[in-house]
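In what follows, a single structure is set out as structure tokens and then discussed.
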Amino acid sequence: MFQIQVIQGDITQLQVDAIVNAANESLLGGGGVDGAIHRAAGPGLLEECRQLQGCPTGEAKITAGYNLPCRWVIHTVGPVWQGGDRREDELLASCYRNSLKLAQQNAIKTIAFPSISTGAYRFPFQRATEIAVGEILQFFKNNPQTSIERVILVAYRQEDYHGLQKVVESMTQ
Ligand code: AR6
106 MFQIQVIQGD
116 ITQLQVDAIV
126 NAANESLLGG
136 GGVDGAIHRA
146 AGPGLLEECR
156 QLQGCPTGEA
166 KITAGYNLPC
176 RWVIHTVGPV
186 WQGGDRREDE
196 LLASCYRNSL
206 KLAQQNAIKT
216 IAFPSISTGA
226 YRFPFQRATE
236 IAVGEILQFF
246 KNNPQTSIER
256 VILVAYRQED
266 YHGLQKVVES
276 MTQ
């Protein structure tokens, strides 16, 4: 059995196998959750990221967690919201799908996601959350033997926590 859990807090503090980073195509760091992850992980993370030579939007790449409490960081690049008719929904869905796929390939049991694209990239929060939960449920349906036992959706802000919880409740009933 798998579990989807919603929590409020800082993703860099979590004791899980993997956290997901909402990165940009360079994979060389930035603001928001990306900046927080690089600060907490230390310079080793940036060094490993340089070797990866970027990541296209919608795809994901994995590194070690360095000074973070998690073993792995899965870097994915969400779409910049441009009004909704530039394949944003599809690209965001593929961020979740490809991150879960990488987690499974690395025998990961617990994975935490921030709300990809909903900060600097301006993707509408409710719409992004429905896509995230939909993809997670679809993944478990398609991969009943997966190593993944628990997916944690991390809200940074209080209002996002309540929004996330509502969507998870309504989609998992
Ligand atoms: N823990 C959990 N969630 C967080 C944290 C944290 N420590 N910090 C922020 N958030 P954003 P994006 C939430 O802007 O929209 C970067 O510069 C935040 O409240 O981090 O995908 C990259 O380098 C929001 O809900 O990522 C890219 O250039 C969510 O994380 C660009 O921003 C995502 O906000 C990516 O933009």
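For the record, in the sequence shown the residue sitting at position 152 is 257 according to our numbering, with numbers rising by one throughout.
Yeah, the Cβ is synthetic: ideal placement off N, Cα and C, and Gly gets one too.
Source: prediction; values computed, not measured.
As computed with DSSP, Trp177 is found in a beta bridge with Ala123, Ala169. DSSP lists Val182 as the beta-bridge partner residues of Ala128. CA-to-CA, the gap between Ile213 and Gln156 works out to about 23 Å. Counted as a single uninterrupted DSSP element, the beta strand (DSSP E) harbouring Gln113 occupies residues 108 to 113. The secondary-structure analysis by DSSP pairs Arg255 across a beta bridge with Gln108, Thr215.
Annotation for Ala198 indicates a beta carbon at 7 Å or more from all heavy atoms of ligand 1. Thr181 sits away from Ile216, with the two beta carbons spaced by 8 Å or more.
The segment 136 to 155 and the segment 171 to 179 touch, with three or more beta-carbon pairs separated by less than 8 Å.
With a cutoff of 7 Å, Asn203 does not count as near ligand 1, since its C-beta is closer than that to no heavy atom of the ligand.
Rounded to whole angstroms, the gap between the alpha carbons of Ala260 and Tyr266 is 5 Å. When Cβ pairs closer than 8 Å are counted between the two stretches, the segment 230 to 241 is seen to touch the segment 198 to 207, the count reaching three or more.
Taking Gln113 as the centre and dropping the five residues before and after it, the same chain places the C-beta of Ala260, Tyr266 closer than 6 Å to its C-beta, in chain order.
Of Gln209, Arg232, Phe107, the smallest CA-CA separation from Ala198 is found for Arg232.
At a Cβ-Cβ threshold of 8 Å, Gly159 and Leu196 do not count as neighbours. The alpha-carbon of Leu207 is positioned some 7 Å away from that of Ile167. Between Glu254 and Phe244, the alpha-carbon positions lie close to 12 Å from each other. The closest CA to that of Ala169, considering only Glu264, Val273, Gln263, Ala146, is found on Ala146.
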